[in-house]
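Protein chains in written order, with our numbering: chain A, 1 to 545; chain B, 1001 to 1350; chain C, 2001 to 2312.
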């Protein structure tokens, strides 16, 4: 019922180097209301949020429910427009040193906390140090290590004090970050909540209780009014937000409804303006009744099946290929999911920026031809109906995973494969997968930033989520090389080559490319249809009459 | 009446389960049919005895749940992506999970003695005490309203059916209560939402709204139907049994009006089995039905428990188990005491 | 030749066994007239119970042999008919689920699991309960006291929660579900059996038997067991529907049987999710579930009335 796999979408990052000159604010983060639109007199929005957020503290947030809400409550140095492009947030401009290592941000004069206090550079310093402080134990501490902020890794490891982190407040409104290595996409990473500022004075005063409605102070377009765990989060417009004049919504309520059917009922009863998901069983009839309310956005992620290469006979490439070929991907997307998901024959989804995944060889065949090939391969590997391959297919408890697993196990049946389905609770499932206690397991990967390496890195030997323990020297070398080449074209070529290796070795069987689809009432305007990281900022929305 | 026992005597055979006993009705709370209370044990001593049992019971409960949690695969920190070992170590240190198990248990017991259930592993901004303080009143409110509703309608309908035994009234009541018993609540509750919220749009489909009455109607009815059906059935057979007993026959022979017979003589003994059913049922009702809370999006304890188990939120689940355990013990004791107060044979003594 | 020999030997066996059965039943009659005959007469007098027994038998037959009537298997996907309404043309008598699997076959297959869960769960409860209760009753004294205290402690456990914990943590297998459910429900059984044992020990007819020189084996088998059996049967018949409902609750939490197997609880839960768009997915499994539970109830009532020693 909950969206079972969703690494936090991290702000879109690209390897495109950011110019070393200062970037001056041109666009603003705000609702863009088309000319002639009649706004409703009551600007209140109710959004389904899937689950109860684990925290609203930017440095403690984990999971999508929390990150969605914090993105309304707080704002980082930069933020995103509705389509996911970088736009200035709390910083009105910034400069980058010639060696691409020192970033200096100029914070807006009118950037204020909701209690009227100015947002200071020291608030950012405080927040960045918190994120790496072992005492806070942020799950996202690693996020500060990626851009190689000076000493971040040593601080997380407890070898150095948080005060030694490479961040500085030059004055009240100037904040400086120093990196160990030039990381060109650092600025894009700043749109992630781990790098949001927190009000130092308030956090120090209230400790762990500072996120309560009665204590909290925010710098985003909204501030927290009411919080009932497992029922609702009520946010009200923050009059002190620097761009408050362009915010339209006055009040937004997030409902943590875990059951998709319950969410749909409440949407139909008019208690929700936006759902978090659409139950599969209802999609067809909704498409008939209210097609205009279904909003589907491609997502930067791939649903796949991982083979455990440590287990016999899955170390045999023929078996892996046969199993992958026999999956009728368009049947799954067209008959089971039906929400516009795209059959996947590569690991990188088409939604990624700046790269078109190659058409792998098996994607060009018809399903009939693939089935034939699969049968031949299976026979060559020594398995057929009289000597069936018995395998255990692991997935985590969820209606849609169950459906896909059942369908795929049926597609494998003609190969003489006998599938035992095993579903486990999310935590148990993750444990089994991490420890390699599976034969074939469902998996999904949502990109952390909008660039192919966020996907392809997963299959390198040392990656923490390479659960099937695939290891290819050639592949590792390709990925390492992709980091040092400077031309985009050359890099794309390397990525394409990597995809071809995956299609050959088939350590994983890509199944489909994710989409997000939700129901949005007709009176809600400004819903973004192009944000592949699924960032829907309430400040960009408005209610029509 | 089959319930009363000779001093120190055991409960005997089928007599131990009165026809009307809740045992025969299979709600999730399997009923507690206890040994009778002997009139030789004074209420005070009895209460002490109960307390003496309650403490080790709670302790065993805590111990069992604590170690069960630790044995479970997965940890509160298992997530979408594998955490670097140093971050994991920091997290574990923060919650004392790097200490040996027995030491963790001692930590927990120590805090518990001071009434502190610890921080929630999942909801980082809250302690378990706060989560309980937020969810218990919701469960209590819904539960109490549903309980009162259940008792009044259940007892009335049951008595009515008993008086008009084998009439259409009887059959209607019994058929409906049977349906209430056999239809799972995850069918009844969404059906009610579909009819009253989605189609007719009379009532909200979910939410709590600080206990707004409109938000309570559907969940309370869905919950009450479940228990009401059982109460009505138990009441009916118990009433029939009572009406056939000698002392009622005597009363009838004396020519007392029916109203007096029922209200003054029959009702009390007939209520006994209902009470022994309601004790555990009350705990079930107030600790929240997971199903009802999920369907109606209510911020009660049931949802916390299931989510807590799924999230491996050790402290939250332990805290709730302790509270629910304590409530169970409390209410079984209350039932015993009520039993003593209401059972005429115990009161009269021999 | 060989065939006739086989037949011959078959009839031989048959005759032997018929003799044995006759002998046995005549013995049974002598012994049973006092209790079982009475009970049977009373039970057969109860129309609701008898009708329920007939219906339940019919349901059981359908569940066991019904799937053979369909051209589909329980896990086969009919890509052309997904979430299709009931139709005789396609052969999906009860329609299909959202994956295009035949609901007629699945409902009946699910029935097997539900019956199995019900029966096994009740069996576990009855076995543990009877052993525990009768031990406490027979041994008496301090042991009895101790065992009853332990029972009291166990009764204060929020068992439903422990079952949920157990299954979320350690995965689900049908076996585990049986054991978990059974383990929750034996407490009352134990209490009842103990009480019955204790009371029987001091009953006049047992004393009379002792005086007339019966040995303890005779007492146990002639007097105690038959009397205990009544309660056990009644209680078990009431436990079965409880077990089936509990399984459906576990299914609601997503903790039920493993796909592609199914149970009525799982089917009803899936049906409840799509009741607006595909009512047949809810209606058929629910009808089976409800009818079965109704029947068990009436049978339980009938058995209790028939076996209640109070009326004798």
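Cβ coordinates follow ideal geometry from the N, Cα and C atoms, glycine included.
Residue 276 of chain A sits in coil when the DSSP states are folded into three classes, being neither helix nor strand. As summarised for the segment 1131-1185 of chain B, the continuous alpha helix (DSSP H) elements at least 4 residues long and confined to that stretch are 1168-1182, given in chain order. Residue state for residue 1246 of chain B is assigned as helix, using DSSP reduced to three classes. At the C-beta level, residue 194 of chain A and residue 1125 of chain B stay beyond 7 Å of one another.
For the segment 483-535 of chain A, the continuous beta strand (DSSP E) assignments of 3+ residues that do not extend past its boundaries occur at 508-519, in sequence order. Straight-line measurement puts the Cα of residue 126 of chain A at about 15 Å from the Cα of residue 151 of chain A.
Taking the Cβ atoms as the reference, residue 248 of chain A lies roughly 4 Å from residue 542 of chain A, within the contact range of under 8 Å. Residue 445 of chain A is bridged by DSSP to A:302.
Contacts with chain B at 7 Å (Cβ-Cβ) include residue 156 of chain A. Neighbours of residue 2276 of chain C in chain B, taken as residues at a C-beta separation under 7 Å, are given in chain order as 1194.
Interface residue (Cβ-Cβ distance to chain A less than 7 Å): residue 1151 of chain B is not classified as such. For residue 249 of chain A, the three-state secondary structure derived from DSSP is coil. Chain-ordered, the chain C residues with CB closer than 8 Å to the CB of residue 331 of chain A read 2079. The Cβ of residue 2082 of chain C sits closer than 7 Å to at least one Cβ of chain A. Beta-bridge annotation (DSSP): residue 296 of chain A is paired with A:517.
At a cut-off of 7 Å between C-beta atoms, residue 2164 of chain C counts as an interface residue with respect to chain B.
In terms of Cβ geometry, residue 295 of chain A and residue 512 of chain A do not form a close pair [threshold 7 Å]. Of the residues A:535, A:409, A:502 and A:505, the one whose Cα lies closest to the Cα of residue 2076 of chain C is A:409. With a threshold of 16 other beta carbon atoms within 10 Å, residue 1102 of chain B falls short and is exposed.
Residue burial annotation: residue 506 of chain A is buried, with at least 16 other C-beta atoms found within 10 angstroms of its C-beta. Membership of residue 177 of chain A in the beta strand (DSSP E) is indicated by the continuous run 174-178. In the DSSP assignment, residue 171 of chain A falls within the beta strand (DSSP E) that extends over 167-171. Against chain C, a Cβ distance below 7 Å from residue 422 of chain A picks out 2258.
Around the C-beta of residue 366 of chain A, fewer than 16 other C-beta atoms lie within 10 Å, and the residue is accordingly described as exposed. With a 10 Å radius around the Cβ and a threshold of 16 neighbouring Cβ atoms, residue 2247 of chain C comes out buried. Residue pairing by DSSP puts residue 80 of chain A in a beta bridge opposite A:86. Nearest CB-CB separation between residue 1281 of chain B and chain C: not below the 7 Å threshold. Note on geometry: alpha-carbon atoms of residue 1143 of chain B and residue 1300 of chain B lie some 10 Å from one another.
For residue 398 of chain A, there is no enclosing alpha helix (DSSP H), as DSSP marks it with neither H nor E.
Within the segment 26-67 of chain A, the complete beta strand (DSSP E) segments of 3 residues or longer fall at 44-48, listed in chain order. At the C-beta level, residue 1155 of chain B and residue 1235 of chain B come within 7 Å of one another. For a Cβ distance threshold of 9 Å, nothing in chain A lies close to residue 1171 of chain B: the least Cβ distance comes to about 34 Å. In this chain, the alpha helix (DSSP H) harbouring residue 265 of chain A covers 260-268.
Per the coordinates, the alpha-carbon of residue 2229 of chain C lies some 13 Å from the alpha-carbon of residue 2131 of chain C.
The beta carbons of residue 394 of chain A and residue 438 of chain A sit closer together than 7 Å. When secondary structure is reduced to three states using DSSP, residue 439 of chain A falls in the coil class, being assigned neither helix nor strand.
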